[in-house]
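Scroll down for the structure; my scribbles are underneath it.
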Amino acid sequence: MTCQQIPKEESYEFFENIEEYIKTAKSAENTVGLSIGESGCNSFMTSFGSLFTVNTTAKIICKQFIKLYNSLTALKCNSNSNTNYKKCRDFLNYWVNFKLIEAMKNKDNSVSNVYDHLEAEITGTDFSTNLVCIQDINKEILKKMNILYSLYEKYIDLRTILNDESNVNTAKTLSYSNECVNNYNKAISMCKGKKNKFFEELEKYKKKYETLYELVEKRRSDYYTSFVRLTNDNNNIVTTSVLGTTVGLVPLFGLLYKFTPIGQLFNLKSRTLTKEYSNNGKERKNNPLMDYENEQMNLEQERYNIKYHSV
-5 MTCQQIPKEE SYEFFENIEE YIKTAKSAEN TVGLSIGESG CNSFMTSFGS
45 LFTVNTTAKI ICKQFIKLYN SLTALKCNSN SNTNYKKCRD FLNYWVNFKL
95 IEAMKNKDNS VSNVYDHLEA EITGTDFSTN LVCIQDINKE ILKKMNILYS
145 LYEKYIDLRT ILNDESNVNT AKTLSYSNEC VNNYNKAISM CKGKKNKFFE
195 ELEKYKKKYE TLYELVEKRR SDYYTSFVRL TNDNNNIVTT SVLGTTVGLV
245 PLFGLLYKFT PIGQLFNLKS RTLTKEYSNN GKERKNNPLM DYENEQMNLE
295 QERYNIKYHS V
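Residue numbers for the sequence shown follow my numbering, beginning at -5 and rising by one.
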């Protein structure tokens, strides 16, 4: 759907339902036996497959989109009267941005333009969209969303493993929990010491991840040594980020001193101080001679006084 591209504010509201959306998306990404939209997706691949790193990916994403859209419609997310409509719409917008940018040769291509071509090819008698337009998400915001999405994916995987009492999988538990901790710490560092919207979302995730600790305790003998916890304190990480910024200013001051008028000003003051110090040094060097002359004058005065009194 062609629409005006209006820069959107940074929002993570759809992450409130992210577990449900991840489940729906995973199901949609399995397109085996999906016949709906076949001709339209073939046409999209033929016309625009060259935009993708792998030509056939155009068709795969096209079919996945149709299945995902139909699944979200079944959840009644395409009704303005539904309270989940905006969240559902924003999730679909995120999914399209993520999938297309990940697969396209030129990461700077407009997602909305490519999507408009896809929609034009598949819209027909067997499929039509009733959702608002797809918009380009700011690259930095999309990067943050990708990290959050990945964190929740691994959280769901870990919860599934820990709840499965019939099996023990320490290798995956260690791998997934390590990935969560590393990505979480990386995400916190991206906040650059600011408790912004992204930081708030990470705080929500941290609380969610910490609910797994109880499951680990229940299966302590199986997973206690293979599950990595979020031990880093957020305030310490924020402080470290600020400290790192301060330390980074030291080389900057060095460059300013050497190559800018500020450095010349400091040099002028330094030369003035050096000159004053040098003059003071000369005065100190002359002091012994002055002291000697004063002593001679005092001695002559004493001799005069003695002679005067003796007379």
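C-beta atoms are modelled at their ideal positions from N, C-alpha and C, and glycine is treated no differently. None of these values were measured; they are calculated from a predicted model.
Asked	Found
Contacting residues, own chain, Cβ-Cβ under 8 Å from SER65 (five flanking each side not counted)	THR18, SER21 and ALA22
Backbone secondary structure at THR268 - three-state DSSP	Because the pLDDT at THR268 is just 47, under 50, the model does not fix this residue reliably, and the point stays unresolved.
Proximity below 8 Å, CB of GLU195 to CB of PHE9	yes
Coil, strand or helix - PHE59 by DSSP	helix
Alpha-carbon to alpha-carbon, THR164 and PHE92	31 Å
PHE38 beta carbon less than 8 Å from that of LYS53	yes
Three-state secondary structure assigned by DSSP to PHE310	Here the chain covers residues -5 to 305 and nothing more, so residue 310 does not appear.
Short Cβ contact (8 Å threshold) for VAL222 with ASN172	yes
Top-ranked residue by Cα proximity to MET184, from GLU134, THR40, VAL162 and ARG214	GLU134
Same chain, Cβ closer than 7 Å to VAL147, neighbours up to 5 away in sequence not counted	Looking at the sequence itself, residue 147 is Glu, so the reference to Val does not match. Within the same chain, GLU147 has close Cβ partners ILE16.
Buried/exposed call for GLY34, threshold 16 Cβ in 10 Å	buried
Simplified DSSP state of PHE9, which is helix, strand or coil	helix
Reference LEU142, options TYR109, TYR178 and ALA114, closest by Cα	TYR178
Runs of alpha helix (DSSP H) wholly within the stretch 107 to 180 (minimum 4 residues, chain order)	133 to 157
Nonlocal neighbours in the same chain, by C-beta distance under 7 Å from THR123, ignoring five residues either side	MET(-5), TYR63, GLU113 and THR117
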